[in-house]
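Visitor: Mind looking over this structure? Questions follow.
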Amino acid sequence: MPPPIPEQLTKYEKIEALVKGFKLSTLTYKRIMHLLDAEMNNGLTKHTHHVADIKMFPTFVRSLPDGTETGSFLALDLGGTNFRVLLVKIDELDVDIQSKTYLIPQRIMLGTGQQLFDHIADCIGKFINEHDLKGQKLPLGFTFSFPCRQEGLAKARLSKWTKGFRCEGVVGEDICQLLHEALKRRTNTDVEIVAIVNDAVGTLMSAAHGDRACEIGLILGTGCNACYMETLDNVGLWDTDNKDKAHPNQVIINTEWGAFGDNGCLDFVRTEYDRELDTYSINPGKQIMEKMISGMYMGEIVRLTLERLTSEGLVFMGADRDSLLFERGKFYTKYVSEIESDHDEFFRNTKQVLEELGIDNFTTEDCKIIKYVCTLVSARSAFLAAAGLATLINRLKKPEMTIAVDGSLYRFHPRFHNLMSLKIKELVHNGLKFKLSLSHDGSGKGAALVAAVAMRLRSLKV
Ligand code: BGC
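Following my numbering, the numbering of the sequence shown begins with 1 at its first residue and continues without gaps.
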């Protein structure tokens, strides 16, 4: 049970007491960075890797596009509620993309691995028929946005499910093999899976195609994750022969930083709302940092806070208990962006959201309070992501760099970009310059580019 708030406080003091946990000082963010940096080292080091929460998986992607890649590729994108199949044509000047999105029903997200991969194979089969690609053996890049231990560019074992997925029988298995078998079972298609990549990696690759200063990829969407280019000497985990002259002495590391805090090290900043959200999630105790940042959870944190304020009689005095505000998962993260886009006293978006939630008895003061809660929760999210990026920027020590960002939260929230930029400036070592740049279709284009780079390097070897 959360602690009661003292009766003698004024209404605004009570509200403050219930939301102050979202306001963290710069010193606290620096402490978080210190812990994060230490955990990243644990992830990269052979003898501590197995106990580290941040896995720092080497991806086997070691070369960025040099602009000479060409050809047609299939790309797959699985990670949220949708599955996309793309046909990507790359030439030196342009990238042309045709794609189709297929829904993944929740029963499949929570069903068996075989159901999931059969569903995916069916979608690929349809796409190939519709685009007249039968008989063409196109190289395929697969963006699979879950933590995977890679054993090669096209061999990746799922280490655990995250976000809304929990399909039985997939953890520990090679995703490429599962896809291959499903394609064989369900279609007659012959594709060559050339690469499996995380969406953060795809985002970095896609942006690096046009900007050589790009060193970090960040996803702020349903989930949250980052990757960066690391020198092999710093990757204790790397024991593959690296005399391969086709590659520079580097590899992209998929940090999987969403799992930071799973060992309890973030408990000192978690609020009662974070704890409740975690208890009722499909993966309690897991992905603690992700749950404080990403789009899958932000709306619910706001909802839990408003629920508490309502039960203390501080907001929505006239709200009906049947309202969706009191139902788990019904306050969407897009509402946070909409509410924070209200800039005058009319609160048009906020009123619209309240109507959708079935609350029709509210005051202007209620609107101010709901907006205040949204700004606190989203600022904490942006600042935590900024602390993560600042940690990476300080590790890399490059005087100037670009960070490629993708994901619905970053795209649609009105203040995310500015909040993050300001906080990173405050947290990075003196003189290090950075630019946050929106990456377009990292998951689709990025996966095709990884495949394209692999094909280019393969042709150099023969
Ligand atoms: C996954 C990452 C992914 C991120 C963004 C997280 O839940 O673990 O692999 O990159 O979501 O989609």
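Backbone N, C-alpha and C define an ideal beta-carbon position, used for all residues, glycine too.
A quick note: this is a predicted structure, and the numbers were derived from the prediction, not measured.
#1: Can you say whether E365 is buried or exposed, counting buried as having 16 or more other CB atoms within 10 angstroms of its CB?
#2: Whose CA, out of W238, K126, R149, L133, lies closest to the CA of F73?
#3: Nearer than 7 Å: is that true of the beta carbon of D199 relative to any heavy atom of the ligand BGC?
#4: For my contact list, N225 and G258 are in at a C-beta cut-off of 8 Å; report their separation, rounded to the angstrom.
#5: For the beta strand (DSSP E) containing Y280, name the first residue and the last one.
#6: Could you compute how far the alpha carbon of I90 sits from the alpha carbon of L76?
#7: Does the beta-carbon of F73, which I'm using as the reference point, lie nearer than 7 Å to any heavy atom of the ligand BGC?
#8: Please list the segments of the beta strand (DSSP E) lying wholly inside the segment 40 to 97, counting only runs of 3 or more residues, in order along the chain.
#9: With hydrogens ignored, establish whether the beta-carbon of P147 is closer than 7 Å to any heavy atom of the ligand BGC.
#10: Since I54 and T255 are thought to touch, with beta carbons under 8 Å apart, how far apart are those beta carbons, to the nearest angstrom?
#11: Specify the secondary structure class of M296 as computed by DSSP and reduced to three states.
#12: How is the alpha helix (DSSP H) around N418 delimited, first residue to last?
#13: With a threshold of 16 other CB atoms inside 10 Å of the CB of N198, please say whether the residue is buried or exposed.
#14: Name the DSSP beta bridge partners of I219, please?
#15: By how many angstroms is the C-alpha of L449 removed from the C-alpha of F434?
#16: The ligand BGC and G79: does any heavy atom of the ligand fall closer than 7 Å to the residue's C-beta?
#17: Rank A156, P105, R62, S443 by C-alpha distance to the C-alpha of D248 and give the top, closest one.
#18: Check each candidate in V302, L357, Y335 and name the one with the smallest Cα separation from D322.
#19: Given a cut-off of 8 Å on the beta-carbon distance, is the pair L183 and V191 in contact?
#20: Could you tell me which of Y297, V194, D211, T363 sits nearest to G221, measuring between CA atoms?
#21: Please go through the same chain and pick out, in chain order, the residues whose beta-carbon is closer than 7 Å to the beta-carbon of F127, but skip the five residues on each side of it.
#22: Just to confirm the assignment, what range does the beta strand (DSSP E) spanning S159 have?
#23: By DSSP, does D174 sit in helix, in strand, or in coil?
#24: Given a cut-off of 8 Å on the beta-carbon distance, is the pair E92 and G67 in contact?
#25: Hey, how far is the Cα of V269 from the Cα of K23?
#26: Put V251 into one of helix, strand or coil per three-state DSSP.
#27: I393 lies in the alpha helix (DSSP H); which residues open and close that run?
#28: Considering only C-alpha positions, which residue in the set L110, A200, V95, T189 is nearest to F165?
#29: Round the Cβ separation of R380 and M292 to the nearest angstrom and send it over; I've been treating them as touching at under 8 Å.
Guide: Checking against the coordinates, here is how it stands:
#1: Taking the sequence shown and counting its residues from 1, one reaches residue 365 at position 365. So E365 counts as exposed.
#2: Here residue 73 refers to the residue found at position 73 of the sequence shown. Nearest C-alpha to F73: L133.
#3: Mapped onto the sequence shown, residue 199 falls at position 199. Yes - the ligand BGC has a heavy atom lying nearer than 7 Å to the Cβ of D199.
#4: Here residue 225 is taken as the residue at index 225 of the sequence shown, counted from 1. Here residue 258 is taken as the residue at index 258 of the sequence shown, counted from 1. N225 to G258, Cβ: 6 Å. Contact.
#5: Along the sequence shown, one-based indexing puts residue 280 at 280. No beta strand (DSSP E) contains Y280, which DSSP labels as neither H nor E.
#6: One-based indexing of the sequence shown puts residue 90 at position 90. One-based indexing of the sequence shown puts residue 76 at position 76. When rounded, the distance between both Cα atoms is 16 Å.
#7: Taking the sequence shown and counting its residues from 1, one reaches residue 73 at position 73. Checking the Cβ of F73 against the ligand BGC gives no.
#8: 71 to 78, 82 to 90
#9: For this step, residue 147 is matched to residue 147 along the sequence shown. Checking the Cβ of P147 against the ligand BGC gives yes.
#10: In the sequence shown, residue 54 corresponds to position 54, counting from 1. In the sequence shown, residue 255 corresponds to position 255, counting from 1. Right, their Cβ atoms sit about 6 Å apart.
#11: Your numbering for residue 296 matches position 296 in the sequence shown. Note: M296 maps to helix in three-state DSSP.
#12: Working through the sequence shown from its first residue, we reach residue 418 at position 418. 416 to 427 is the extent of the alpha helix (DSSP H) around N418.
#13: Position 198 of the sequence shown holds residue 198. Buried is the call here.
#14: By 1-based counting over the sequence shown, the position of residue 219 is 219. The partner list for I219 (beta bridge, DSSP) reads N225, D406.
#15: Against the sequence shown, residue 434 aligns to sequence position 434. Against the sequence shown, residue 449 aligns to sequence position 449. So the two alpha carbons sit approximately 24 Å from each other.
#16: The residue labelled residue 79 in the question sits at position 79 within the sequence shown. Yes, the Cβ of G79 comes within 7 Å of a heavy atom of the ligand BGC.
#17: Taking the first residue of the sequence shown as position 1, residue 248 is located at position 248. It is Pro, not Asp, that sits at residue 248 in the sequence shown. That would be R62, whose Cα lies nearest to the Cα of P248.
#18: Residue mapping note: residue 322 aligns to position 322 of the sequence shown, counting from 1. Closest by alpha carbon: L357.
#19: Here residue 183 refers to the residue found at position 183 when the sequence shown is read from its first residue. Here residue 191 refers to the residue found at position 191 when the sequence shown is read from its first residue. Result yes, Cβ atoms of L183 and V191 sit closer than 8 Å.
#20: One-based indexing of the sequence shown puts residue 221 at position 221. Among Y297, V194, D211, T363, the Cα nearest to that of G221 is on Y297.
#21: Here residue 127 refers to the residue found at position 127 of the sequence shown. Excluding sequence neighbours, F127 sits near V85, K100.
#22: Walking along the sequence shown from the start, residue 159 turns up at place 159. Per DSSP, S159 belongs to no beta strand (DSSP E) and is neither H nor E.
#23: The residue you call residue 174 lines up with position 174 of the sequence shown. Looking at D174 - three-state DSSP - the assignment turns out to be strand.
#24: The count along the sequence shown starts at 1 and reaches residue 92 at position 92. The count along the sequence shown starts at 1 and reaches residue 67 at position 67. Contact: yes.
#25: Your numbering for residue 269 matches position 269 in the sequence shown. Your numbering for residue 23 matches position 23 in the sequence shown. Between V269 and K23, the C-alpha separation is close to 9 Å.
#26: Stepping through the sequence shown from its first residue, residue 251 is reached at position 251. Here V251 sits in strand by DSSP.
#27: The sequence position of residue 393 within the sequence shown is 393, counting from 1. Start and end: 364 to 396.
#28: Stepping through the sequence shown from its first residue, residue 165 is reached at position 165. Looking at the Cα atoms, L110 is the closest of the given residues.
#29: If you number the sequence shown from 1, residue 380 lands on position 380. If you number the sequence shown from 1, residue 292 lands on position 292. Confirmed, about 7 Å.
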